[in-house]
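Have a look at the structure below, then the notes.
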Amino acid sequence: MSQRTLAHYLIEEQRHKGVINADLRFLIEVVSRACQAISVAIGKGGLGGALGEAGSDNVQGEAQKKLDVLSNDILLNANEWGGHLAAMASEEMDLPHTIPHRYPQGEYLLLFDPLDGSSNIDVNVSIGTIFSVLKCPDGADLSSPEAAEAAFLQAGTSQVAAGYTVYGPTTLLVLTVGDGVVSFTLDREQGGFVQTGEAMKIPADTSEFSINMANQRFWEAPMQRYVSDMQLGKDGPLGKDYNMRWVGSMVADVHRIVTRGGIFMYPMDSKMKEKGGKLRLMYEANPMAMIVEQAGGAATTGYERILEIVPGKIHQRCAVIMGSKNEVDRATAMHKV
Ligand code: P6P
């Protein structure tokens, strides 16, 4: 593959395909540079004094890690001055971050989970950043963070771009602007992302599933049946053996699936039901669902297509079943009987 930089790929999408405009190109470049800075901070580990708890909780009621807060700040500071954004929303902030009056406002809304999988930070397991881009509706009320929330409440089908980075043995950026899925590897010597994957496709079938089995007794009956059929392997109704992988970082598990297939599930369970599920719709499920669908996969809650959910609030949660299309279709069909 030609060693195109991220900037070169984006220019092609803008100039030759008209898929994106200059502001969206700039937005993605700014986010990629922020992720580069996050990668550097993570790479220092204990040497950088950024490990451990921040001593605060986020809106989810989860104890924040120092790197959660640092990653959030890096993304806010990198994006607020550029004139491409109308507002930002983050897993780590209760309300949206509106653009300070000293900077021009743009037409896009950026949502992110600045550091997904942060329970894995202190044990040196892959983590990542997930981001989603929406157009800000004309006439949106952005006069305050409280008022700005309404502008974000759009179904995932309205996303104009989505991506994630995985901070692992290499730092990868996986991106879609609605024209398929491409991947880039951070070249630390050049100091930028270089394209290393194009037209990524998820195999329609798989023999690998990804779920936290410790929650099995809390799952709904269809999910119980679906997983136990796979556990029966070739002696069971599916006639083949399955393997299981669970990293505990959505970005790492979904990246494995985007790369070689599989099905990732964080299904509804009785202990999370009143919260609506474990994973967040707008900055985890939706961007990952756009990428998975753009790579030929499928993404549902078991009952509906994730990208068609119309959110009622920014931090809304949902069940997630995504990956190899035939496997997701089968799991979804079992929820509908
Ligand atoms: P559990 C990380 O905290 C996260 O939000 C996802 O990245 C990951 O898939 C999931 O939670 C892990 O949840 O219950 O296995 O700790």
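The C-terminal residue of the sequence shown carries number 592 in the numbering used here, and the numbering is unbroken.
All residues carry an ideal CB built from backbone N, CA and C; glycine is no exception.
(Q) Rounded to whole angstroms, what is the Cα-Cα separation between Gln409 and Val314? (A) By one-based count along the sequence shown, residue 409 stands at place 154. By one-based count along the sequence shown, residue 314 stands at place 59. Distance between the alpha carbons of Gln409 and Val314: 21 Å.
Q. Is Lys321 buried or exposed, if buried means 16 or more other CB atoms sit within 10 Å of its CB?
A. Counting from one through the sequence shown, the residue named residue 321 turns up at place 66. A buried status is given to Lys321, since no fewer than 16 other beta-carbon atoms sit within 10 Å of its beta-carbon.
Q: Measure the alpha-carbon distance for Arg288 versus Ser326 and round it to whole angstroms.
A: Stepping through the sequence shown from its first residue, residue 288 is reached at position 33. Stepping through the sequence shown from its first residue, residue 326 is reached at position 71. For Arg288 and Ser326, the distance between alpha carbons rounds to 12 Å.
Q: Check each candidate in Lys456, Asp434, Leu427 and name the one with the smallest Cα separation from Arg443.
A: Sequence index remark: in the sequence shown, residue 443 carries index 188 (1-based). When only C-alpha atoms are compared, the closest one is Leu427.
Q: On the DSSP bridge assignment, give the partners of Glu582 in chain order.
A: Your numbering for residue 582 matches position 327 in the sequence shown. In the DSSP assignment, no residue is bridged to Glu582.
Q. Going by C-alpha distance, which of Ala342, Val378, Asp396 is nearest Val388?
A. Taking the first residue of the sequence shown as position 1, residue 388 is located at position 133. Sorting Ala342, Val378, Asp396 by C-alpha distance to the C-alpha of Val388 places Ala342 at the top.
Q.
Could you tell me the alpha carbon to alpha carbon distance between Ser398 and Glu335, rounded to whole angstroms?
A. Position 143 of the sequence shown, counted from the start, is the residue given in the question as residue 398. Position 80 of the sequence shown, counted from the start, is the residue given in the question as residue 335. For Ser398 and Glu335, the distance between alpha carbons rounds to 16 Å.
Q.
Using the three-state DSSP reduction, which class does Ile512 fall into: helix, strand or coil?
A. For the purposes of this step, residue 512 is identified with residue 257 of the sequence shown, where counting begins at 1. Here Ile512 sits in helix by DSSP.
Q.
Going by C-alpha to C-alpha distance, which of Arg560, Pro351, Glu267, Asp328 sits closest to Cys290?
A. Locating residue 290 in the sequence shown gives position 35, where the first residue counts as 1. Taking only the C-alpha atoms, the option nearest Cys290 is Asp328.
Q | Proximity winner among Pro477, Tyr538, Gly517, relative to Val592 (alpha-carbon distances) | A | Within the sequence shown, the letter at position 337 stands for residue 592. When each option's Cα is compared against that of Val592, the closest is Pro477.
Q.
For the ligand P6P, is there any heavy atom lying closer than 7 Å to the beta carbon of Ser525?
A. Residue 525 sits at position 270 when you count from the first residue of the sequence shown. Not one heavy atom of the ligand P6P is found less than 7 Å from the C-beta of Ser525.
Q) Lys456 and Gly551 look like a contact to me (Cβ under 8 Å); what is the Cβ gap, rounded to whole Å? A) Walking along the sequence shown from the start, residue 456 turns up at place 201. Walking along the sequence shown from the start, residue 551 turns up at place 296. Right, the Cβ-Cβ distance comes to about 5 Å (below 8 Å), so this counts as a contact.
Q. Pro522: buried (16+ other C-beta within 10 angstroms of its C-beta) or exposed?
A. Here residue 522 corresponds to residue number 267 of the sequence shown, with the count starting at 1. Its Cβ being crowded by 16 or more others within 10 Å, Pro522 is buried.
Q: To the nearest angstrom, report how far apart Gly557 and Tyr358 are at their CA atoms.
A: As a first step, residue 557 is located in the sequence shown; it is residue number 302 there, counting from the start. As a first step, residue 358 is located in the sequence shown; it is residue number 103 there, counting from the start. Cα to Cα, Gly557 sits roughly 43 Å from Tyr358.
Q. Do you know how far the Cα of Met499 is from the Cα of Asn467?
A. Taking the first residue of the sequence shown as position 1, residue 467 is located at position 212. Taking the first residue of the sequence shown as position 1, residue 499 is located at position 244. Rounded to whole angstroms, Asn467 and Met499 show a C-alpha spacing of 10 Å.
Q. According to DSSP, which residues form a beta bridge with Ala416?
A. For this step, residue 416 is matched to residue 161 along the sequence shown. Bridge partners of Ala416: Val388.
Q. Just the Cα atoms here: how many angstroms apart are Glu346 and Tyr538?
A. Position 91 of the sequence shown, counted from the first residue, corresponds to residue 346. Position 283 of the sequence shown, counted from the first residue, corresponds to residue 538. Taken atom to atom, the span from the alpha-carbon of Glu346 to that of Tyr538 is near 7 Å.
Q. Just to check, is the beta-carbon of Asn327 closer than 7 Å to a non-hydrogen atom of the ligand P6P?
A. Taking the sequence shown and counting its residues from 1, one reaches residue 327 at position 72. With a cutoff of 7 Å, Asn327 does not count as near the ligand P6P, since its C-beta is closer than that to no heavy atom of the ligand.
Q: Let me know if Lys580 comes out buried or exposed under the rule of 16 or more other beta-carbons within 10 Å of its beta-carbon.
A: Position 325 of the sequence shown, counted from the first residue, corresponds to residue 580. Buried, because 16 or more other Cβ atoms sit within 10 Å of the Cβ of Lys580.
Q: Use the C-beta contact count for Asp208: other C-beta atoms within 10 angstroms, 16 or more gives buried, fewer gives exposed.
A: This structure does not reach residue 208, given that the chain is present from 256 up to 592, and the question cannot be answered.
Q.
Tell me the residue span of the beta strand (DSSP E) that contains Gly310.
A. To locate residue 310, count along the sequence shown from 1; it is residue 55. For Gly310, the enclosing beta strand (DSSP E) stretches over residues 308-312.
Q) Whole-angstrom Cβ separation of Leu562 and Glu548, contact assumed at under 8 Å? A) In the sequence shown, residue 562 corresponds to position 307, counting from 1. In the sequence shown, residue 548 corresponds to position 293, counting from 1. 7 Å between Cβ atoms; contact.
Q. Enumerated in chain order, which unbroken segments of the beta strand (DSSP E) with a length of 3 residues or greater are wholly contained in the stretch 427-456?
A. For the beta strand (DSSP E) assignment, the uninterrupted runs of no fewer than 3 residues enclosed by the stretch 427-456 are, from N- to C-terminal side, 437-442, 447-452.
(Q) DSSP three-state label for Lys526, please. (A) Counted from its first residue, the sequence shown places residue 526 at position 271. Correct three-state label for Lys526: coil.
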